[in-house]
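Student: In the numbering used here, the protein residues as written are -18 to 537.
Where is the CB? At the ideal position from N, CA and C, for every residue including glycine.
Below is the structure I would like to discuss, written out as structure tokens.
What follows is the structure, given as structure tokens:
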């Protein structure tokens, strides 16, 4: 076995260890995870897959492709804890494969391995890959699209890869509307081609150019065509509202006039400089090297870096911004970094910087763990609100172990092999979090503990209604629940909940969030305080607790 092949197998071993450890050990957590899992579960149970549904309402915030994948895996495995996380794991591994193979084709196999490590060790990538949000899947489709387009424009043509690139962009679009940004790759590629840079061509004059747009439309049509036929044909007002919301409000309107997550234009620069660590620690040496290669008219760097800049600009224009929006740019940035890494890692100052990062990270983890074991700091009290005290002790020892392992790795590998200490420390951190941290936090984060207590309180034969609810309560309930809408005003939900409860007052209970969902007329002395979950207090109401509200007229 050659040295490069051995390093490739070692990379994939670490990738599986970091990304797959903990699969099946926790339930969906907010934000977003319970929502998608609940929709997928409903698809399997009801057999209605075309229109996602949250409770009694249609869910139009996102296209259904990601939820289809979760539902398919749930149908195959019968295990929600595995099925809800498996799409993200497969997407992350697929992204790494595209990066490794593209690095090999653009440069050498060893460059591909370096690019894979750069992506895998980036904190934001691994953090998102171990969650069941939609972003890891979007990153995969965008990376696959860039993979196909680059294989075509670099020393092409390759029309099969060209069609693949456009089709992947289409599948990314019906996963999350921004999947179309992969096609921005054609702008720097076209500019480099027009300026006569060697080895890059778009081949736009060839009739087979139109295979790409056709592949994009066909991929989008997998969902769009049957959805529009069903909604505009036999669907009612709710389905037409679904079409308007998902095709206009959640895409065009959301981009042009964002209504939440407001951030300044430079927000994503801050995100990259913090959450893309430790990869961006080499940026001070990489920027002069990139400048030199661009002066030599190396189109590989022009296309990759040009696309990364366009992605940052695209997401910086609207006022609404979330940190994971720019994650699709990371794989291409790491590809542009990878050819430089062997030389950069031989620089003493780069090794010192990496070692300093490992030391600081390890000392912070160690200090946090010791503080949680020996004192009662404010951050620990706030973090542990609504959780068992044993959870805090377990997390404290996890932090201590992570910090101690990182310090030991620094001593073992020293200043000349700090990148190995970095790999060891981050691997230990993610494995310990997956095996210890996530299971400890699960009851409180997923609402499993809350809903288990609710089930015990009302008994096996009672019925449960939800008011002012979150997706995790419905998902973790030990029985079918009744809801009165999700987006409706809490007062309307409560009024309908009381009407429902009055039909069988002896066996029907309401679980209500404290705040807007709990009117002042409720007899709290007769209600059951179920404690805190996900930062909110929940009350369990029988007919006696809601009786005072009956003296008032119910809103309609």
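Report yes if the C-beta distance between residue 155 and residue 44 is below 8 Å; otherwise report no.
Tutor: As a position in the chain shown, residue 155 is number 174, starting the count at 1. As a position in the chain shown, residue 44 is number 63, starting the count at 1. Cβ distance < 8 Å, so residue 155 and residue 44 count as in contact.
Student: Would you report the Cα separation of residue 274 and residue 283, rounded to the nearest angstrom?
Tutor: By 1-based counting over the chain shown, the position of residue 274 is 293. By 1-based counting over the chain shown, the position of residue 283 is 302. If you take the alpha carbons of residue 274 and residue 283, they lie about 9 Å apart.
Student: Which runs of the alpha helix (DSSP H) at least 4 residues long sit entirely within the segment 50 to 98? Give them in chain order.
Tutor: For the segment 50 to 98, whole alpha helix (DSSP H) runs of length 4 or above, ordered along the chain, are 61 to 64 and 67 to 87.
Student: Using beta-carbon positions only, say whether residue 508 and residue 490 come within less than 8 Å of one another.
Tutor: Walking along the chain shown from the start, residue 508 turns up at place 527. Walking along the chain shown from the start, residue 490 turns up at place 509. No. Outside cutoff.
Student: Kindly indicate which three-state DSSP category residue 485 falls into: helix, strand or coil?
Tutor: Sequence index remark: in the chain shown, residue 485 carries index 504 (1-based). Note: residue 485 maps to coil in three-state DSSP.
Student: Beta carbon of residue 163, beta carbon of residue 153: below 8 Å?
Tutor: As a working note, residue 163 is residue 182 in the chain shown. As a working note, residue 153 is residue 172 in the chain shown. Yes, Cβ-Cβ distance for residue 163 and residue 153 is below 8 Å.
Student: Could you check where the beta strand (DSSP E) with residue 509 kicks off and where it finishes?
Tutor: Residue mapping note: residue 509 aligns to position 528 of the chain shown, counting from 1. Start and end: 509 to 514.
Student: Who are residue 463's beta bridge partners in DSSP?
Tutor: As a working note, residue 463 is residue 482 in the chain shown. Looking at the DSSP assignment, residue 463 forms a beta bridge with 446.
Student: With contact counted as at least three CB pairs below 8 Å, one residue from each stretch, are the segment -16 to 0 and the segment 17 to 29 in contact?
Tutor: Verdict: no, contact absent.
Student: Is residue 95 closer than 8 Å to residue 322 when the C-beta atoms are compared?
Tutor: Along the chain shown, read from residue 1 onward, the residue named residue 322 stands at position 341. Along the chain shown, read from residue 1 onward, the residue named residue 95 stands at position 114. Yes. Within cutoff.
Student: Going by other Cβ atoms of all chains shown within 10 Å of its Cβ, with 16 needed for buried, is residue 12 buried or exposed?
Tutor: Locating residue 12 in the chain shown gives position 31, where the first residue counts as 1. It is exposed - the Cβ of residue 12 has fewer than 16 other Cβ atoms within 10 Å.
Student: Where does residue 537 land, buried or exposed, given buried means 16+ other C-beta within 10 angstroms?
Tutor: Along the chain shown, read from residue 1 onward, the residue named residue 537 stands at position 556. Legend: pLDDT at residue 537 = 44, less than 50; position of this residue unreliable, value from coordinates given subsequently. Looking at its Cβ environment, which holds fewer than 16 other Cβ atoms inside 10 Å, residue 537 is exposed.
Student: According to DSSP, is residue 518 part of a helix, a strand, or is it coil?
Tutor: Sequence index remark: in the chain shown, residue 518 carries index 537 (1-based). If DSSP states are grouped into helix, strand and coil, residue 518 belongs with the strands.
Student: Suppose you measure from the CA of residue 254 to the CA of residue 305; what does that come to, to the nearest Å?
Tutor: By 1-based counting over the chain shown, the position of residue 254 is 273. By 1-based counting over the chain shown, the position of residue 305 is 324. Going by the C-alpha atoms only, they are around 13 Å apart.
Student: Assign residue 183 to one of two classes, buried (16 or more other C-beta atoms within 10 Å of its C-beta) or exposed (fewer than that).
Tutor: As a first step, residue 183 must be located in the chain shown, where it is residue number 202. Result: buried.
Student: Give me whichever residues DSSP pairs with residue 34 in a beta bridge.
Tutor: The residue labelled residue 34 in the question sits at position 53 within the chain shown. DSSP, once it has assigned bridges, lists 39 as partnering residue 34.
Student: Using the Cβ count rule (16 or more neighbours within 10 Å means buried), how would you classify residue 14?
Tutor: For the purposes of this step, residue 14 is taken as the residue at position 33 of the chain shown. With 16 or more other Cβ atoms within 10 Å, it is buried.
Student: Does residue 442 pass the burial test, meaning 16 or more other C-beta atoms within 10 Å, or should it be called exposed?
Tutor: Against the chain shown, residue 442 aligns to sequence position 461. Residue 442 is exposed by the Cβ-count criterion.
Student: Identify the continuous alpha helix (DSSP H) that holds residue 343 and give its terminal residues.
Tutor: Against the chain shown, residue 343 aligns to sequence position 362. Taken as a continuous stretch (DSSP letters only), the alpha helix (DSSP H) holding residue 343 covers 329 to 355.
Student: Taking residue 456 as the reference, give the member of 432, 471 and 60 with the closest Cα.
Tutor: Within the chain shown, the letter at position 475 stands for residue 456. The option with the nearest alpha carbon to residue 456 is 432.
Student: Kindly indicate which three-state DSSP category residue 535 falls into: helix, strand or coil?
Tutor: As a position in the chain shown, residue 535 is number 554, starting the count at 1. With a pLDDT of 49 at residue 535, under the threshold of 50, the predicted position of this residue should be treated as unreliable, and no value is reported.
Student: Going by C-alpha to C-alpha distance, which of 92, 42, 262 and 63 sits closest to residue -14?
Tutor: Here residue -14 is taken as the residue at index 5 of the chain shown, counted from 1. When only C-alpha atoms are compared, the closest one is 92.
Student: Starting from residue 204, follow the alpha helix (DSSP H) in both directions and report where the run begins and ends.
Tutor: To locate residue 204, count along the chain shown from 1; it is residue 223. Here the alpha helix (DSSP H) through residue 204 covers 192 to 214.
Student: May I have the straight-line CA-CA distance separating residue 99 from residue 259, to the nearest angstrom?
Tutor: Residue numbering aside, residue 99 sits at position 118 when the chain shown is read from its first letter. Residue numbering aside, residue 259 sits at position 278 when the chain shown is read from its first letter. Distance between the alpha carbons of residue 99 and residue 259: 9 Å.
Student: With residue 414 as the anchor, note down where its alpha helix (DSSP H) starts and where it stops.
Tutor: Along the chain shown, one-based indexing puts residue 414 at 433. Note, residue 414: premise wrong, no alpha helix (DSSP H); not H, not E.
Student: Answer yes or no: do residue 161 and residue 150 have a C-beta to C-beta separation smaller than 8 Å?
Tutor: Taking the first residue of the chain shown as 1, we reach residue 161 at position 180. Taking the first residue of the chain shown as 1, we reach residue 150 at position 169. Going by C-beta atoms, residue 161 is nearer than 8 Å to residue 150.
Student: Spell out the partners DSSP gives residue 554 in its beta bridges.
Tutor: Only positions -18 to 537 of the chain appear in the structure, and residue 554 is not among them; the question remains open.
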